[in-house]
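Report on the structure given below.
Numbering (mature numbering (1 follows the signal peptide of the UniProt record, and there is no 0)), first residue to last: -22 to -1, 1 to 160.
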């Protein structure tokens, strides 16, 4: 009988005993995932994500005489290239177009006495002109790393050159580039 009473006490007391992790409030949160799956032939070398082209000082005399500055070379470097997905790549340069010269990038004033009457043009390494918002000549993708070579130049607006009204001062401009794989 003692065993029966002891068993009954044990059975009756079981609901009062709960595991430690079941006591209290459950606290949690959400996990949000996002991303993009892309097919690309190469990735951009980090130093080529923000390229600076410094024209230095350009004399108005040379702009009046030649119409544009000497071109400055710049490179877009690619890595992890593979022909498994695509065989070639083109580049499209975009930005605010100069209102007085088609296919030339507009400059942005930097100070009250900023340069004016100029725009920035692009060309391929062989001197072929590049129009804004138009893909360049296709370049075959090679394995591993690649360099896409381009040039930029400052050009005087036709009216500013003929009227000799180029304004001296600092200038800057921003263009974007997009890699287009084929």
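For each residue, glycine too, the CB sits at the ideal point set by N, CA and C.
These numbers come from a predicted model, not from an experiment.
| query | result |
| --- | --- |
| Could you check whether the stretch 13 to 23 touches the stretch 72 to 91, counting it as contact only if at least three pairs of C-beta atoms, one from each stretch, sit closer than 8 angstroms? | no |
| Please state whether DSSP places residue 156 in a helix, a strand or coil. | strand |
| Who are the Cβ neighbours of residue 147 in its own chain at under 7 angstroms, not counting the five residues just before and after it? | 89, 91, 92, 93 |
| Could you spell out where the beta strand (DSSP E) holding residue 56 opens and where it closes? | 50 to 59 |
| Work out the CA separation of residue 119 and residue 159 for me, nearest whole Å. | 9 angstroms |
| Is there contact between the stretch 107 to 119 and the stretch 34 to 42, where contact requires at least three CB pairs shorter than 8 angstroms? | no |
| Please check the pair residue 65 and residue 137, which I expect to be a contact at CB under 8 angstroms, by giving their CB distance rounded to whole angstroms. | So it is not a contact: roughly 44 angstroms between Cβ atoms. |
| Quick one: grab the DSSP three-state call for residue 80. | coil |
| For a test of the three-state rule: what should DSSP assign to residue 93, helix, strand or coil? | coil |
| For a minimum of 4 consecutive residues, which ranges assigned as the alpha helix (DSSP H) are wholly contained in the stretch 102 to 143? | 136 to 140 |
| Of the residues 142, 13, 53, which one's Cα is nearest the Cα of residue 166? | Outside the shown range of the chain, which is -22 to 160, sits residue 166, and nothing can be said about it. |
| When DSSP labels each residue in this structure, what does residue 26 get in the three-state scheme? | helix |
| For residue 134 and residue 85, I'd like the C-alpha separation in whole angstroms. | 11 angstroms |
| Alpha carbon to alpha carbon, how far is residue 6 from residue 153? Give it in angstroms, no decimals. | 45 angstroms |
| Compare the Cα-Cα distances from residue 95 to each of 142, 4, 130, 14 and report the closest residue. | 142 |
| What does the Cβ neighbour count give for residue 99, buried or exposed, with the cut at 16 atoms within 10 Å? | buried |
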